[in-house]
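In our numbering, the protein residues as written are 2 to 283.
All C-beta atoms in this analysis are idealised placements derived from N, C-alpha and C, irrespective of residue type, glycine included.
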């Protein structure tokens, strides 16, 4: 059964490209208006307020706020660690999703539940758990408290589910017949994965990577106890923002927030470009 999109009639000789679809109905227009108002109240207006606050000191004040030694160190640590964690999650998250979808083993349901624990667990509780396992009194004999490894570990913990949960449903819906046909034609497993499976998974992987990165750059709770928040060493951007607020310097806090916002948007756009290129080549 096929569906046909109605296009309004146009005068003869009109060579303008036809636009598919009909104008919004009153109900659809009302729904769109409510959605945009809600989105503006929750996202657009607060973001605009942050940008306005950051610009109150002018470009010179903004530049000084984000380039002083302590702030620059926090931004490098936060963005660099978030990127590294995202790369690890792309590989490990896809692998975990593959195991959950394609394999059958004892304890699979328990693993399904455990993967969502970072979603449900308050981040300060996560920090306490990580400190008890990897702090000075670690039962494992591993003490990474107050180090950059602690920041990396905390980021890994809170971002684990994102790629798993975005890739898993897409992988479950893939048609195995296409893989079987490729194998019958002599394609290797790697070629089948690269040419058939990966293009289908790329949008989900990119979406999960974007969520993972954005979650990491804004993390605070799980780091408070484990990283020590040492200036120039383990202090992350969210802690630096809080310190600026406590020191009655909202312009500096907003400036750091704007930088994080710009970096997150750039990463999202880059992931979208990579996704489209992989899908075209696939």
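Using a Cβ-Cβ cut-off of 8 Å (strictly less than) and excluding sequence neighbours within five positions of residue 128, which residues of its own chain qualify?
Result list for residue 128: 155, 222, 223, 224, 225, 226, 227, in chain order.
By Cβ distance, which residues of its chain are closer than 7 Å to residue 1, with the 5 residues on each side in sequence left out?
Not covered by the structure: residue 1. The range shown for the chain is 2 to 283.
Compare the C-alpha of residue 144 against each of 152, 135, 150 and name the closest.
That would be 135, whose Cα lies nearest to the Cα of residue 144.
Under 8 Å: do the region 204-212 and the region 271-279 share three or more Cβ pairs, one atom per stretch?
Judged by Cβ distances under 8 Å, the region 204-212 makes contact with the region 271-279, as three or more pairs qualify.
For residue 192, does the three-state DSSP call read helix, strand or coil?
Note: residue 192 maps to helix in three-state DSSP.
Confirm, please, whether the CB-CB distance from residue 79 to residue 259 is below 8 Å.
Going by C-beta atoms, residue 259 is not nearer than 8 Å to residue 79.
Just to confirm the assignment: which complete alpha helix (DSSP H) runs, minimum length 4, are found wholly within the region 118-181?
The region 118-181 contains these whole alpha helix (DSSP H) runs: 118-121, 124-135, 149-174.
So does the region 152-171 actually touch the region 241-250, counting three or more Cβ pairs closer than 8 Å?
Because the criterion of three Cβ pairs below 8 Å is not met, the region 152-171 and the region 241-250 do not touch.
Looking only at its chain, what residues have a beta carbon closer than 6 Å to the beta carbon of residue 215, apart from the 5 residues adjacent to it on each side?
Within the same chain, residue 215 has close Cβ partners 265.
Could you give the C-beta distance for residue 164 and residue 213, rounded to a whole number, given that I count them as a contact under 8 Å?
6 Å between Cβ atoms; contact.
Keeping to the same chain, check which residues put their C-beta closer than 6 Å to that of residue 57; ignore five residues upstream and five downstream.
So the list reads 252, once near-sequence residues are dropped.
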